[in-house]
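Q: Going by the working numbering, the first residue of the sequence shown is number -15, and it counts up by one from there. Sharing a structure, written as structure tokens. Questions coming.
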Amino acid sequence: NWFTDGTFERFNYIHILDINKYLLIEYFIPIFALLLDKNTVTYSCLIKTLRSQIPLNPKTIMTDFEQSAILAFKENIPNFS
-15 NWFTDGTFER FNYIHILDIN KYLLIEYFIP IFALLLDKNT VTYSCLIKTL
35 RSQIPLNPKT IMTDFEQSAI LAFKENIPNF S
């Protein structure tokens, strides 16, 4: 299971995205990404880069209502809900 969150609030020129994983009884943050925008293409590029380096197979991904991130996850990570 993944939990994602991003913010532009602290730096209005860069988007900080963190991907959290719940392991046993606590969360840890294995991935921080600095993105220039919140476009689907940008999220897709991040996911493709991560997939080329590490196996990505989350069963569930929880995120806020960031539609571009949701679309990028649907396009690039098969079989998740």
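Virtual Cβ for every residue (Gly too), placed ideally from N, Cα, C.
Kindly give me the distance between the Cβ atoms of residue 44 and residue 54, rounded to whole angstroms, as I take these residues to be in contact under 8 Å.
A: About 13 Å separates the CB atoms of residue 44 and residue 54; that is not less than 8 Å, and the two are not in contact.
Q: Report the three-state DSSP secondary structure of residue 34 (helix, strand or coil).
A: helix
Q: Would DSSP call residue 44 helix, strand or coil?
A: Three-state result, residue 44: coil.
Q: By DSSP, does residue 15 sit in helix, in strand, or in coil?
A: strand
Q: With a CB to CB cut of under 7 Å and the five nearest residues on each side skipped, what residues in its chain are close to residue 32?
A: 60
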